[in-house]
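Undergrad:
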Amino acid sequence: MNFIYKRIFRFLSVFLVLISLASCGWFFGSNNDSEMDLRIEVNVLDATDGSAIAGANIEAIMIVADGAPDVAMELQSLSHQPVGLMEDGQFEKLAPLVSSSSGSMGMFLHMQGASEEMQQIVKGHTLLQLLASKEGYFASAAIVQLEEQETPNLITANIYLTPNVSSELSADFPVALKTATLAVTNGITNSQLSLTTDVVATSTTRGAILDYATVNLNIPSGTTLLDKDGQAITPIGALTVKIMLFSADPTGVSDISNNPLLAFPGGLSIEGFEGTPPDGLTNNSQFEFISAGLVAIEISDSEGNQVRGFQGMGNVSLTFEVPDSTVNPLTGNPIELSDVSIPMWSFSETTGNWSYEGAASIDAENTNTFTVTKNITHLSYFNLDWFQSQRCKLEVDVVDSNGDANNQQLQVYFSRASGGWAKQKSGWGDPLDKLEIYNVPSFGGTFNLLDNWGDDLLASVEIEGDPDSLYTVAQGETGVSLPNFCGDVADQETYKIRAILNAPNPTLIDVNPDLGLACEIDNSITGTIQDGWYSIRAGKSYIGWGEVTSPLAISGLIDGKTYSIYYYAQSDRASTDFTASSTLSVINLESLSLCPKITQSITTQRVCRDENEAIIKQGGGFSARYGIRDTGYRQSFWGETDVDGNGTITEMVDTVSYEGYAYLHNSDPHYFIYDRFDATSNNPVFVNLTMAADSEFCTSEDPISLTESTLTASKNPAAATTDITLTLQEKSANGDDRLTDTTSEWGLVITSPDNPDVTIQYTDPDENDGRHLATVTSNYVGDVTFQATIGSPAENVGDELTVTFTQAPAPENTSITMVESSPRANGVRFPLTIQAKDINGTNLTTSMGVLRLTATNSALLSTAASGGTPATTITAVDNNNGTYTAYVSNSTAEQINISGVVDPDGENIAVAQALSVTFITPTLVLASTTAELSDVTSNELAAGSVATLTVSLFDQDGVALSGSTEEVKAVLTKTGVQELSTDGMSDSALTADYTLINNNNGTYTLAIKSDTGGDIGFTSITVDSNNVPSSPDDFRFIIASDVTNTTFTANSNQTVTTVIKPTLTLALKDANNALVGYSSATDLAVVFSNKDTPGGIEDTWNSESILDNSDGSYSFRVSCARGDNATGQGPVTITFNYTVDGSSESKNVTTVYCDGG
67 MNFIYKRIFR
77 FLSVFLVLIS
87 LASCGWFFGS
97 NNDSEMDLRI
107 EVNVLDATDG
117 SAIAGANIEA
127 IMIVADGAPD
137 VAMELQSLSH
147 QPVGLMEDGQ
157 FEKLAPLVSS
167 SSGSMGMFLH
177 MQGASEEMQQ
187 IVKGHTLLQL
197 LASKEGYFAS
207 AAIVQLEEQE
217 TPNLITANIY
227 LTPNVSSELS
237 ADFPVALKTA
247 TLAVTNGITN
257 SQLSLTTDVV
267 ATSTTRGAIL
277 DYATVNLNIP
287 SGTTLLDKDG
297 QAITPIGALT
307 VKIMLFSADP
317 TGVSDISNNP
327 LLAFPGGLSI
337 EGFEGTPPDG
347 LTNNSQFEFI
357 SAGLVAIEIS
367 DSEGNQVRGF
377 QGMGNVSLTF
387 EVPDSTVNPL
397 TGNPIELSDV
407 SIPMWSFSET
417 TGNWSYEGAA
427 SIDAENTNTF
437 TVTKNITHLS
447 YFNLDWFQSQ
457 RCKLEVDVVD
467 SNGDANNQQL
477 QVYFSRASGG
487 WAKQKSGWGD
497 PLDKLEIYNV
507 PSFGGTFNLL
517 DNWGDDLLAS
527 VEIEGDPDSL
537 YTVAQGETGV
547 SLPNFCGDVA
557 DQETYKIRAI
567 LNAPNPTLID
577 VNPDLGLACE
587 IDNSITGTIQ
597 DGWYSIRAGK
607 SYIGWGEVTS
617 PLAISGLIDG
627 KTYSIYYYAQ
637 SDRASTDFTA
647 SSTLSVINLE
657 SLSLCPKITQ
667 SITTQRVCRD
677 ENEAIIKQGG
687 GFSARYGIRD
697 TGYRQSFWGE
707 TDVDGNGTIT
717 EMVDTVSYEG
727 YAYLHNSDPH
737 YFIYDRFDAT
747 SNNPVFVNLT
757 MAADSEFCTS
767 EDPISLTEST
777 LTASKNPAAA
787 TTDITLTLQE
797 KSANGDDRLT
807 DTTSEWGLVI
817 TSPDNPDVTI
827 QYTDPDENDG
837 RHLATVTSNY
847 VGDVTFQATI
857 GSPAENVGDE
867 LTVTFTQAPA
877 PENTSITMVE
887 SSPRANGVRF
897 PLTIQAKDIN
907 GTNLTTSMGV
917 LRLTATNSAL
927 LSTAASGGTP
937 ATTITAVDNN
947 NGTYTAYVSN
957 STAEQINISG
967 VVDPDGENIA
977 VAQALSVTFI
987 TPTLVLASTT
997 AELSDVTSNE
1007 LAAGSVATLT
1017 VSLFDQDGVA
1027 LSGSTEEVKA
1037 VLTKTGVQEL
1047 STDGMSDSAL
1057 TADYTLINNN
1067 NGTYTLAIKS
1077 DTGGDIGFTS
1087 ITVDSNNVPS
1097 SPDDFRFIIA
1107 SDVTNTTFTA
1117 NSNQTVTTVI
1127 KPTLTLALKD
1137 ANNALVGYSS
1147 ATDLAVVFSN
1157 KDTPGGIEDT
1167 WNSESILDNS
1177 DGSYSFRVSC
1187 ARGDNATGQG
1197 PVTITFNYTV
1207 DGSSESKNVT
1217 TVYCDGG
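If you read the sequence shown in my numbering, its first letter stands for residue 67, the second for the next number, and so on.
1. Whole angstroms are fine: how far does the CA of residue 323 sit from the CA of residue 549?
2. Tell me the residue span of the beta strand (DSSP E) that contains residue 418.
3. Nearest to residue 1185 by alpha carbon, out of 985, 453 and 1167?
4. Could you name the residues of the same chain whose beta carbon sits closer than 8 Å to that of residue 784, not counting the 5 residues immediately before and after it, in chain order?
5. For residue 574, tell me which candidate among 536, 621 and 585 has the shortest Cα-Cα distance.
6. If you follow the beta strand (DSSP E) that residue 113 is in, where does it begin and where does it stop?
7. If we ignore side chains and look at the alpha-carbon of each, how far apart do residue 404 and residue 333 end up?
8. Under 8 Å between the Cβ atoms of residue 884 and residue 898?
9. Using 8 Å for Cβ pairs, my map puts residue 952 next to residue 910. What's the rounded Cβ distance?
10. Drop a sphere of 10 angstroms on the beta-carbon of residue 348, count the other beta-carbons inside from all chains shown, and report buried for 16 or more, exposed for fewer.
11. In whole angstroms, what is the alpha-carbon distance linking residue 1218 and residue 1138?
12. Would you kindly check if the distance between the Cβ of residue 929 and the Cβ of residue 940 is under 8 Å?
13. Determine the DSSP secondary structure at residue 399, reduced to helix, strand or coil.
14. Go ahead and label residue 589 buried or exposed: buried means 16 or more other beta carbons lie within 10 angstroms of its beta carbon, across all protein chains shown.
15. Quick one: any contact between the segment 233 to 243 and the segment 112 to 131, if contact means 3 or more CB pairs under 8 Å?
16. Per DSSP, what are the beta-bridge partners of residue 812 in this structure?
17. What residue range is occupied by the uninterrupted beta strand (DSSP E) comprising residue 674?
18. Flag this pair as yes or no: are the beta carbons of residue 450 and residue 386 separated by less than 8 Å?
19. Is it true that the CB of residue 538 sits closer than 8 Å to the CB of residue 522?
20. Looking at the strands, I want to know which residues DSSP matches up with residue 564.
21. For residue 1211, which residues of its own chain have a beta-carbon under 8 Å away from its beta-carbon, when the five flanking residues on both sides are left out?
22. Would you mind stating whether residue 1017 and residue 1046 have Cβ atoms separated by less than 8 Å?
23. Would you decide whether residue 1069 is buried or exposed? Buried here means 16 or more other CB atoms lie within 10 Å of its CB.
24. Any idea which residues DSSP pairs residue 1006 with across the strands?
25. Please confirm whether residue 1114 and residue 1213 have their CB atoms less than 8 Å apart.
26. Are the segment 240 to 256 and the segment 507 to 520 touching by the rule of at least three beta carbon pairs closer than 8 Å?
27. Let me know if residue 256 comes out buried or exposed under the rule of 16 or more other beta-carbons within 10 Å of its beta-carbon.
28. Please report how far the alpha carbon of residue 410 lies from the alpha carbon of residue 339, in whole angstroms.
29. Per DSSP, what kind of secondary structure is residue 552 in: helix, strand or coil?
30. Under the three-state reduction of DSSP, which class applies to residue 657: helix, strand or coil?
31. Are the CB atoms of residue 477 and residue 498 within a distance shorter than 8 Å?
32. Considering Cα atoms alone, identify which of 199, 1011 and 222 is closest to residue 108.
33. Buried or exposed: which applies to residue 995, given that a residue is buried once 16 or more other Cβ atoms fall within 10 Å of its Cβ?
34. Can you name, in chain order, every residue of its own chain whose Cβ lies under 6 Å from the Cβ of residue 431, other than the five neighbours on each side?
35. Are the segment 562 to 572 and the segment 457 to 464 touching, with three or more C-beta to C-beta distances below 8 Å?
36. Considering residue 300, what are the terminal residues of the alpha helix (DSSP H) in which it resides?
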């Protein structure tokens, strides 16, 4: 079929009606011979594992050969809603198709007014290119020939997308991915990028198929990266470079599960191409690619904006390392240097066409590979391909292992023996035992038949007319190896074979289940499906479809096999898997159709945008069509807003997320896909439809709106006697500024008060820019209301504008004052107050403009009491109430002046009443110095607390000596205190010389802390070694004693006499078993009891004076005289009574004996 093809149309059909969760639908047969409905089912699958890809965007491009009849064709949704119409060679395109949750998308191609013979001619002359893309995958495509029908009036196509993220790739899928970040400035690369895919170990399945293949992308420094419009790209975020090499399987070790050639964009059957053709081909040639390697390249920013091309002094190049196992089909031998080159081709992801790029040179022979290089100027898929044109039609007579005609659907798989080409088709329908496969290339290789679940079924193949020929599946292999898929027949002739399966026909059953339905988000809401449509699928193949009945009548299923059922009715979708069984009575589905719905508003309007995508013009409401789907691809619906752009959506389910689009229905449509939104009653949908910059809407101006136009003042409030500008801005009804004048006739009318002293001068320049200007000067103080008018006769335009004219500021009357009459030259900042005045000397209550202050000599000005950097000239802080604030400081005793300049309207007007200030040198007066102790009550505070000693210095006027640099010290005494902490320092000396902290405000402080009890005294406090007049009273750190830890002990257990006098000690201790550190006990008394009475005469015991050790301990000595001078006997009890912390306590000692005389 060597026709000259031309592209007739491209369509973007409405995706929402094609969502069909399972791409299911009812096949509508035509009513007469002049109509035909050709159903097209597309599966979008992950190339690495065959899983379904939901949400892939699909674009269809139809190519019709010259000489085809001019037949009206309509693209329809599965519910037969028109989504595209082609008449007289013109097609109106709408919006993209999107794959459903099952990865499928279905549509009808409807022909009207064509005889059956004409329909067959049209189908034989027509190709359908299907382009698929989704974020996270490299885009790909499939080409569908309308005459290749597996079942009457049904065509299926698989599009395989390969993930461009390493984590999503299957371990066995033979691709190599490499990613890098590319830095650019103004779209130009900052440095060279050389990115090479890794060599994969041949010990792995993936590496064995790749067979040492790699690819390198080299982009020189200084290369300009171009966007889709040919302009230097301005990336949002970083640019990411991804290259993926697809193996050509040169050793033929892959199978249907991991053959990378099945992911080849558009397939390997070519029906015409672009570019200068190589020798032996024309642009309309039909042939098969034989690949030596394929690379996908993507460079995009964080928002998905892609680089499409390059410019620059250096060459952007691709370097393939092609396995030396690759066979050159032109020679039949492995590749070698003498082959010189391999043709290279590129694939357009926007047109679906291949283009010839020229020959890629074979530059070097390496270990295991040959180096093949080609410079490139754009980005896409690039493929090293030889080509072959000879094809045939293959007819396959299929019988089971018993010789009976096959009774089940089959998948067909071809793979060239030396790699470089493969093809897979699924879902062959009636007749099941007679397969007709078009455009099979004249290659030798593997041929296999599989069931819908991927199980190998082929046992052997016989060639028709040659009963002695028998090709069987080798042990451990899948499929048979045929010397040539076309035998020896001529190009486009028919070759017939007989395929014998390895098993008998399976048992087929009929099932008659009802369909049950439940709300997906609330299973308590249930129902029975009474209407709608369904389809049945096994693996990637369609088994059947029909209109819902109760029960369903489904025939021809294989007993025990798993199938999928897909249901849809208008906008609702549902699907589930089931196992075929004669006892199957109900299939339960979950859907959104039964769930509670909400009402939500939608508004559409047209907009124009600038080069930065900012809206520069927006129109009022405008009727537009819209489509909406839930983000799970289960529900879809469409509608149209009214002439004002308003509509109501009633199908949405509360809390479910949706996304959609809206479009204008005219000869020059423009689309805007809006972001995801949630279905809630308080979340209206608002859609901006972006129009082309050169469209009539964007290039023409809307008429003036008298209500939307505005009158504004350059200053409001404004000072009386000064000039202000009033501007009338013409606006359209949608609030956009008009860019041209409606008329030059306009005016201002004062509506209030009557006859104020106001002058209006019209100063509108002849710029025709939609603005009208007037200069207004008022000698009147108060509110003046203006109304703008336009045209003749004059009409009011815009709202009235009230301008408040205030008293005019008089900088010459403004004063600068300072409260401090004798500021010290110590660097301290003193506040200034500036009061603005009017011409009558009255205080202003509004700002008079920018006030700049300047100080002379060494003085510095600041805007705050602290912080910032002081300067000789500053801008005072405007309090917007007629006053200004600033601060002045000086470290030199001298007289300085502070002057001001006001700049209300660009003029510098001096503040006449400048301020003269004399800074004086402060002198320390030692006699005025004070030393005070804080946080101490009645000369006591609890141990662990902090007592603060503050020494305050004053000058000759009794003013705190701020900024002083004197050294202040304190000498302390410590009694009973174990360790003293001062401002983070500690020392254990009995006395210490401490330096106080200078607070730079005339005060010095020392923080004193002890965790133990004891007394603190002040020996001296000095300022620069001079004693201050007085010191604070001594004070005590007090600590509570713990009677359980207090001890009463004797220093000896020897017997006592009047000469031998042991010492007894009472030690008051705290909870930590430490001496309390100070004298805290009172009412001290010693009592002797249990005295011995030898011979009836009691011993005589005496205690000496009790000694206070000032650390919480008390000691005394005792003596004893025997009553009868006999030998000493038994211990006496000595009791020490005392009062501490208000409590009477006592301690005993019974270890002392009397032996004295």
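Backbone N, C-alpha and C fix where the C-beta goes; we use that ideal spot for every residue, glycine too. In this text the structure is predicted, and so the values were computed from the model without any measurement.
TA: Taking the structure as given:
1. Looking up residue 549 in the sequence shown gives position 483. Looking up residue 323 in the sequence shown gives position 257. Whole-angstrom Cα-Cα distance: 23 Å.
2. Translated into positions along the sequence shown, residue 418 becomes position 352. Unbroken run through residue 418: none, as it is neither H nor E.
3. For the purposes of this step, residue 1185 is taken as the residue at position 1119 of the sequence shown. Closest by alpha carbon: 1167.
4. Position 718 of the sequence shown, counted from the first residue, corresponds to residue 784. So the qualifying residues of the chain are 790, 844, 869, 870, 871 and 872.
5. Here residue 574 refers to the residue found at position 508 of the sequence shown. Among 536, 621 and 585, the Cα nearest to that of residue 574 is on 621.
6. Reading the sequence shown from its first residue, position 47 is the one you call residue 113. Segment: none, residue 113 is in no beta strand (DSSP E) and carries neither H nor E.
7. As a first step, residue 404 is located in the sequence shown; it is residue number 338 there, counting from the start. As a first step, residue 333 is located in the sequence shown; it is residue number 267 there, counting from the start. Looking at the two C-alpha atoms, the distance is approximately 29 Å.
8. On the sequence shown, position 818 is the one that residue 884 refers to. On the sequence shown, position 832 is the one that residue 898 refers to. In this structure, residue 898 lies closer than 8 Å to residue 884 by Cβ.
9. Sequence index remark: in the sequence shown, residue 952 carries index 886 (1-based). Sequence index remark: in the sequence shown, residue 910 carries index 844 (1-based). That pair is no contact at about 17 Å.
10. Taking the sequence shown and counting its residues from 1, one reaches residue 348 at position 282. Exposed: under 16 other Cβ atoms inside 10 Å.
11. Position 1152 of the sequence shown, counted from the first residue, corresponds to residue 1218. Position 1072 of the sequence shown, counted from the first residue, corresponds to residue 1138. Cα to Cα, the separation comes out at about 29 Å.
12. As a first step, residue 940 must be located in the sequence shown, where it is residue number 874. As a first step, residue 929 must be located in the sequence shown, where it is residue number 863. In contact: residue 940 and residue 929 (Cβ atoms closer than 8 Å).
13. Indexing the sequence shown from 1 puts residue 399 at position 333. If DSSP states are grouped into helix, strand and coil, residue 399 belongs with the strands.
14. On the sequence shown, position 523 is the one that residue 589 refers to. Answer is exposed; the Cβ neighbour count stays below 16.
15. yes
16. Position 746 of the sequence shown, counted from the first residue, corresponds to residue 812. Answer is 856.
17. As a working mapping, residue 674 is identified with position 608 in the sequence shown. From DSSP, the beta strand (DSSP E) with residue 674 extends over 666 to 675.
18. Reading the sequence shown from its first residue, position 384 is the one you call residue 450. Reading the sequence shown from its first residue, position 320 is the one you call residue 386. The answer is yes: Cβ separation under 8 Å.
19. Your numbering for residue 522 matches position 456 in the sequence shown. Your numbering for residue 538 matches position 472 in the sequence shown. Their beta carbons are not under 8 Å apart, which means residue 522 does not touch residue 538 by this criterion.
20. Counting from one through the sequence shown, the residue named residue 564 turns up at place 498. For residue 564, which the question treats as bridged, DSSP gives the partners 463 and 528.
21. Against the sequence shown, residue 1211 aligns to sequence position 1145. Around residue 1211: 1109, 1112, 1203, 1204 and 1205.
22. The sequence position of residue 1017 within the sequence shown is 951, counting from 1. The sequence position of residue 1046 within the sequence shown is 980, counting from 1. No, the pair does not count as a contact, with Cβ atoms beyond the cut-off.
23. Along the sequence shown, one-based indexing puts residue 1069 at 1003. Result: buried.
24. In the sequence shown, counting from the first residue as 1, residue 1006 sits at position 940. Beta-bridge pairing links residue 1006 to 1003 and 1102.
25. Position 1048 of the sequence shown holds residue 1114. Position 1147 of the sequence shown holds residue 1213. Their beta carbons are under 8 Å apart, which means residue 1114 touches residue 1213 by this criterion.
26. no
27. Indexing the sequence shown from 1 puts residue 256 at position 190. Exposed: under 16 other Cβ atoms inside 10 Å.
28. Numbered from 1 along the sequence shown, position 344 holds the residue referred to as residue 410. Numbered from 1 along the sequence shown, position 273 holds the residue referred to as residue 339. Near 13 Å, if we compare the C-alpha coordinates of residue 339 and residue 410.
29. On the sequence shown, residue 552 is found 486 positions in, with the first residue counted as 1. In the structure shown, residue 552 sits in coil (DSSP, three-state: anything other than H, G, I, E or B).
30. Here the question's residue 657 lines up with position 591 in the sequence shown. Strand at residue 657.
31. For this step, residue 498 is matched to residue 432 along the sequence shown. For this step, residue 477 is matched to residue 411 along the sequence shown. Against a cut-off of 8 Å, the Cβ pair of residue 477 and residue 498 comes out as no contact.
32. Here residue 108 refers to the residue found at position 42 of the sequence shown. Comparing Cα positions, the closest option is 222.
33. In the sequence shown, counting from the first residue as 1, residue 995 sits at position 929. By the 10 Å Cβ count, residue 995 comes out buried.
34. Start at 1 with the first residue of the sequence shown, and residue 431 comes out as number 365. The residues are 403.
35. yes
36. For this step, residue 300 is matched to residue 234 along the sequence shown. Looking at the DSSP string, residue 300 is not in any alpha helix (DSSP H), and its letter there is neither H nor E.
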